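**Q** The following block contains the structure, expressed as C-alpha cells.
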Amino acid sequence: MGVVSTAIDIDPDLVLDLRDVSLRRDGKTLVGPLTWQVELDERWVVLGPNGAGKTSLLRIASALEYPSTGTAVVLGEQLGRTEVTELRSRVGLSSVAVAGRIPGDEVVSDLVISAGYAVLGRWREKYDEQDFERAADTLESIGAEHLADRTWGTLSEGERKRVLIARAMMTDPELLLLDEPGAGLDLGGREDLVARLGDMAMDPDAPATVLVTHHVEEIPPGFTHAMLLAEGEVTAMGLIDDVITSENLSRAFAQSITVDAIDGRYFARRARRSGRHRRG
Numbered sequence: 003m004g005v006v007s008t009a010i011d012i013d014p015d016l017v018l019d020l021r022d023v024s025l026r027r028d029g030k031t032l033v034g035p036l037t038w039q040v041e042l043d044e045r046w047v048v049l050g051p052n053g054a055g056k057t058s059l060l061r062i063a064s065a066l067e068y069p070s071t072g073t074a075v076v077l078g079e080q081l082g083r084t085e086v087t088e089l090r091s092r093v094g095l096s097s098v099a100v101a102g103r104i105p106g107d108e109v110v111s112d113l114v115i116s117a118g119y120a121v122l123g124r125w126r127e128k129y130d131e132q133d134f135e136r137a138a139d140t141l142e143s144i145g146a147e148h149l150a151d152r153t154w155g156t157l158s159e160g161e162r163k164r165v166l167i168a169r170a171m172m173t174d175p176e177l178l179l180l181d182e183p184g185a186g187l188d189l190g191g192r193e194d195l196v197a198r199l200g201d202m203a204m205d206p207d208a209p210a211t212v213l214v215t216h217h218v219e220e221i222p223p224g225f226t227h228a229m230l231l232a233e234g235e236v237t238a239m240g241l242i243d244d245v246i247t248s249e250n251l252s253r254a255f256a257q258s259i260t261v262d263a264i265d266g267r268y269f270a271r272r273a274r275r276s277g278r279h280r281r282g
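Residue numbers (the working numbering): 3 to 282.
Shown next, in the form of C-alpha cells:
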C-alpha cells in the first residue's frame, strides 16, 4: 500500500483529483509525480509511447493501486481513507488486466451481466430479464450484439475489446476508463469503434471518460482534453487541440512527427527529412 496523506478538501465537481501523485515499484518510479483533475463533463485521452506510465496512471484512477506519494481522490473518495470495493463498482474499467482473468468458456452475455454484480463471470443460476436486456443494449451500443452467445475463447482480439467495453459500461459507471480499446482492431473495426466512442463522448449523459492510447488516430471526436506522458512524466496537458500538436508529439515520442487535424480527428506521420535520396 502506498503512502497516504492526511484528509484533504474534496471538490464535488471533480471525478478525479490527483495531487502530486506517483507510483513506484522496486525503487523505480513508473509514473509521476503529477497533478491532474478531471471534471464531470470532460473526456480525456492519455497518450504516450510504450512504457510512458499510462496504464500505471489508469490503475490509480480505477482505485486498483494506491499512489506511492501524493493524494488521489476518485469520485469524491480519497484512496486510503475509504472502502475501495464499493468505489471500484462505480468505475467502469476496460483493460488487459481484466481480460487475463476471463476463462475461455465464459459466455459473453454472462460476462457482461456479471459486471453488475461486481464479479467476473456467471455466479448464479438465473439472472433477471432486465439483466439480459441491459446487457443486450450495452453490447449493441458498441457494435457487439452478435457476440452475446459466443464464448470468450472464440473471440478475436478486436471482439474481446468490444466486449470488455460493454462490460465496463454495464453498471452505468460514473467514470469510464478505457485502456487501449483500439488495440488489435483492423482498420474497419477501429473506425467503427472510434465513431461509436465519439457518439458517446458527445452524449451529455455519458460518464466522464479517460481513454489511454499511443495512436492519435484512435482518439474519437468529441474528446475535450489530453495528457501526453513520456517516461512517466507529463510533457503536455490541457485542451486537446493545444496538446495534440506536432511539437508536443515530437517531444513525447522523441522523433520528428507531423500531426494533422481533420474533422475532429487526428492523424500522425513521421516528418519528412530534408533533401532527396539518391539511387546508386
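Every residue, glycine too, gets a C-beta built ideally from N, C-alpha and C.
Source: prediction; values computed, not measured.
Are the segment 37-48 and the segment 156-166 touching by the rule of at least three beta carbon pairs closer than 8 angstroms?
**A** Touching, no.
**Q** So if DSSP puts F269 in a beta bridge, which residue, or which two residues, is it bridged to?
**A** Answer by DSSP bridge pairing, in chain order: D262.
**Q** Between the alpha carbons of D28 and S70, how many angstroms are there, rounded?
**A** Roughly 11 angstroms separates the two Cα atoms.
**Q** Mind checking whether A101 and L166 have CB atoms under 9 angstroms apart?
**A** Yes, they are a contact pair.
**Q** On the CB-based measure, 16 or more other CB atoms within 10 Å of its CB, does G258 come out buried or exposed?
**A** For the sequence presented, residue 258 should be read as Ser rather than Gly. S258 should be labelled exposed.
**Q** Between A137 and the rest of its own chain, which residues show a CB-CB distance below 8 angstroms, the 5 nearest in sequence each way excluded?
**A** Only S111, V114, I115, A150, A168, M172 meet the Cβ criterion.
**Q** Identify the continuous alpha helix (DSSP H) that holds R90 and give its terminal residues.
**A** Per DSSP, R90 belongs to the alpha helix (DSSP H) from 86-90.
**Q** Alpha carbons only, please: which of T73, W154, L95 is nearest the one belonging to E108?
**A** Comparing Cα-Cα distances from E108 to each of T73, W154, L95, the minimum goes to W154.
**Q** Can you find the residues in the same chain that come closer than 6 angstroms, C-beta to C-beta, to T211, ignoring five residues on each side of it along the sequence?
**A** Answer for T211: R45, L178, listed in chain order.
**Q** Figure out for me which residue from I264, L49, E219 has the closest Cα to the Cα of L189.
**A** Per the Cα distances, E219.
**Q** First and last residue of the alpha helix (DSSP H) that includes L251?
**A** From DSSP, the alpha helix (DSSP H) with L251 extends over 248-255.
**Q** Could you check where the alpha helix (DSSP H) with D43 kicks off and where it finishes?
**A** Unbroken run through D43: none, as it is neither H nor E.
**Q** Taking the straight line between their C-alpha atoms, what separation do you get for P51 and L81?
**A** The straight-line gap from Cα to Cα measures roughly 28 angstroms.
**Q** Keeping to the same chain, check which residues put their C-beta closer than 7 angstroms to that of D22; ignore five residues upstream and five downstream.
**A** Answer for D22: P35, T37, T71, G72, listed in chain order.
**Q** Would you kindly report the start and end of the unbroken beta strand (DSSP E) that includes V23?
**A** From DSSP, the beta strand (DSSP E) with V23 extends over 16-27.
**Q** Given a cut-off of 9 angstroms on the beta-carbon distance, is the pair D194 and G266 in contact?
**A** Result no, Cβ atoms of D194 and G266 do not sit closer than 9 angstroms.
**Q** When the Cα of R274 is compared with those of S248, I264, E147, which residue comes out closest?
**A** Comparing Cα positions, the closest option is S248.
**Q** At what residues does the alpha helix (DSSP H) containing A99 begin and finish?
**A** Where A99 is concerned, the enclosing alpha helix (DSSP H) stretches over 98-101.
**Q** So the candidates are H217, L241, H216; which of them puts its Cα closest to the Cα of F225?
**A** Nearest C-alpha to F225: L241.
**Q** Quick one: is E88 buried, meaning 16 or more other Cβ sit within 10 Å of its Cβ, or exposed?
**A** Classification for E88: exposed.
**Q** Pick from A65, T260, V236, L199: whose alpha carbon is nearest that of V17?
**A** Nearest option by C-alpha distance: A65.
**Q** So what does K56 bridge to, in DSSP terms?
**A** Answer is none; K56 lacks a bridge partner.
**Q** Is DSSP giving S156 helix, strand or coil here?
**A** Residue identity differs from the one stated: residue 156 is Thr in this sequence, not Ser. T156: helix per DSSP, three-state reduction.
**Q** How should K30 be labelled, buried or exposed, when 16 other C-beta atoms within 10 angstroms of its C-beta is the threshold for buried?
**A** Answer is exposed; the Cβ neighbour count stays below 16.
**Q** How many angstroms separate the CA atom of L230 from the CA atom of I62?
**A** Rounded to the nearest angstrom, the two C-alpha atoms are 17 angstroms apart.
**Q** Buried or exposed: P105, going by 16 or more other Cβ atoms within 10 Å of its Cβ?
**A** P105 comes out exposed.
**Q** Can you tell me whether D13 is helix, strand or coil according to DSSP?
**A** D13: coil per DSSP, three-state reduction.
**Q** Check H148 in the structure and name its three-state DSSP category.
**A** It is helical.
**Q** For E193, which three-state DSSP category applies?
**A** Of the three classes helix, strand and coil, the one that applies to E193 here is helix, per DSSP.
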